[in-house]
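K.L.:
Per UniProt numbering, numbering of the sequence shown is gapless, rising by one per residue and ending at 184. Quick one: this structure, given as C-alpha cells, is what I'll be asking you about.
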Amino acid sequence: MLTLKYLQGYPAELLAQVQGLIDAGRLAEHVARRHPEASPVRNERELYDYVCALKARHMKSAPPLAKVVFDPKLHVVKNALGTHTAVSRVQGGRLQAKREIRIAALFKDGPADFLRTIAVHELAHLKEREHDKAFYALCRHMEPDYHALEFDLRLWLTARELGAGPADNARCTNTAKDSDGHGT
C-alpha cells in the first residue's frame, strides 16, 4: 500500500477503499465525478472579491482583509494549501494589523468546491487560531459539508500526486482546460 500522506489519520477501512480506487486507476475520475464544477476564480481580484463575499456572509464582525492572493510557491515551500497572517505596522501612534490570506495557486485550476473549502478554512482562522472544536464548528457554519469536502480535497491532492499530468489534471477537474499544510 502506498503512503497516503494527505489521508493520514483516517480509518483503515476508508484508506482501503481509497487504495482500491488507486489500484483500479479511478481515483481522479471518482473525484471529478463528485466535483465537476471548475473554479470560476481566475485572478487575484476575483479571489479577493470571492473571499470577502464569504466573509461578509458568514463573519461580518471579523477583522477586514487587506489582501487575498494566489501564491504559486505556497504548496511547495510551506507544504500548506493556504495561510493567514496579520502583518503589524505602526500607523501614527498605534499598531495596526493588516490581515492577509494566501491560497495555493493550484486552486485556480481545481474544482470550485475545493477553493471554497480552503477559503472557509483560512477565514475561520480570523476568529479561531487553533484547529480545535470551535474552529471546525465555525468551518461547518460557513460550509455545512466542510468535513466531506476536506476529505475529497485530500483525495484530489492524492490523485494529482500519483501522476496527474496536464491531461490527467483536466480529468481531475472535469474541464476542457489545463490549467495543499496547514490545517486542511
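C-beta: ideal position from N, C-alpha, C; glycine also.
#1: Return the residue from the list ALA24, PHE70 and MET142 that minimises the CA-CA distance to SER39.
#2: Who are the Cβ neighbours of ARG42 in its own chain at under 8 Å, not counting the five residues just before and after it?
#3: Counting only runs that start and end within the segment 21 to 76, where is the alpha helix (DSSP H) found for 4 or more residues in a row?
#4: Report yes if the CB atom of ARG102 is closer than 8 Å to the CB atom of LEU74, and no otherwise.
#5: Per DSSP, which residues does THR85 bridge with? Please list them.
#6: Grab me the residues of ARG116's own chain with a C-beta within less than 6 Å of its C-beta, minus the 5 sequence neighbours each way, in chain order.
#7: Beta-carbon separation of HIS35 and ASP152 under 8 Å?
#8: Going by alpha carbons, who is nearest to HIS141 out of ARG129, LEU123, GLU130 and TRP156?
#9: Spatial neighbours of TYR50 within its chain, please: C-beta separation below 6 Å, excluding the five flanking residues on both sides.
#10: Assuming GLU143 contacts PHE135 (C-beta within less than 8 Å), just tell me the rounded distance between them.
#11: Taking the alpha carbon of ILE22 as the reference point, which residue from ALA104, LEU4 and ALA12 has its own alpha carbon closest?
#12: Please give the ranges of any beta strand (DSSP E) in the UniProt domain "YgjP-like metallopeptidase" (96 to 151), keeping only runs that are unbroken, at least 3 residues long and fully inside the region.
P.N.:
Looking at the atomic coordinates:
#1: Here residue 39 corresponds to residue number 39 of the sequence shown, with the count starting at 1. If we check each option's Cα against that of SER39, PHE70 comes out closest.
#2: Sequence index remark: in the sequence shown, residue 42 carries index 42 (1-based). Leaving aside the five residues that flank ARG42 on each side, the residues in its chain whose CB is nearer than 8 Å to its CB run, in chain order, LYS108.
#3: Runs of the alpha helix (DSSP H) inside the segment 21 to 76: 27 to 34 and 44 to 58.
#4: Here residue 102 is taken as the residue at index 102 of the sequence shown, counted from 1. Here residue 74 is taken as the residue at index 74 of the sequence shown, counted from 1. Going by beta carbons, ARG102 and LEU74 fall inside the 8 Å limit.
#5: Mapped onto the sequence shown, residue 85 falls at position 85. Answer by DSSP bridge pairing, in chain order: GLU100.
#6: Translated into positions along the sequence shown, residue 116 becomes position 116. Here the set comprises nothing.
#7: Indexing the sequence shown from 1 puts residue 35 at position 35. Indexing the sequence shown from 1 puts residue 152 at position 152. Yes, these two residues count as a Cβ contact at 8 Å.
#8: On the sequence shown, position 141 is the one that residue 141 refers to. Per the Cα distances, LEU123.
#9: Counted from its first residue, the sequence shown places residue 50 at position 50. Exclusion of the five residues before and after TYR50 leaves VAL41 as the residues of its chain whose Cβ lies within less than 6 Å of its Cβ.
#10: Here residue 143 refers to the residue found at position 143 when the sequence shown is read from its first residue. Here residue 135 refers to the residue found at position 135 when the sequence shown is read from its first residue. The Cβ separation is near 13 Å, so there is no contact.
#11: In the sequence shown, residue 22 corresponds to position 22, counting from 1. Among ALA104, LEU4 and ALA12, the Cα nearest to that of ILE22 is on LEU4.
#12: The UniProt domain "YgjP-like metallopeptidase" (96 to 151) contains no whole beta strand (DSSP E) run of 3 or more residues.
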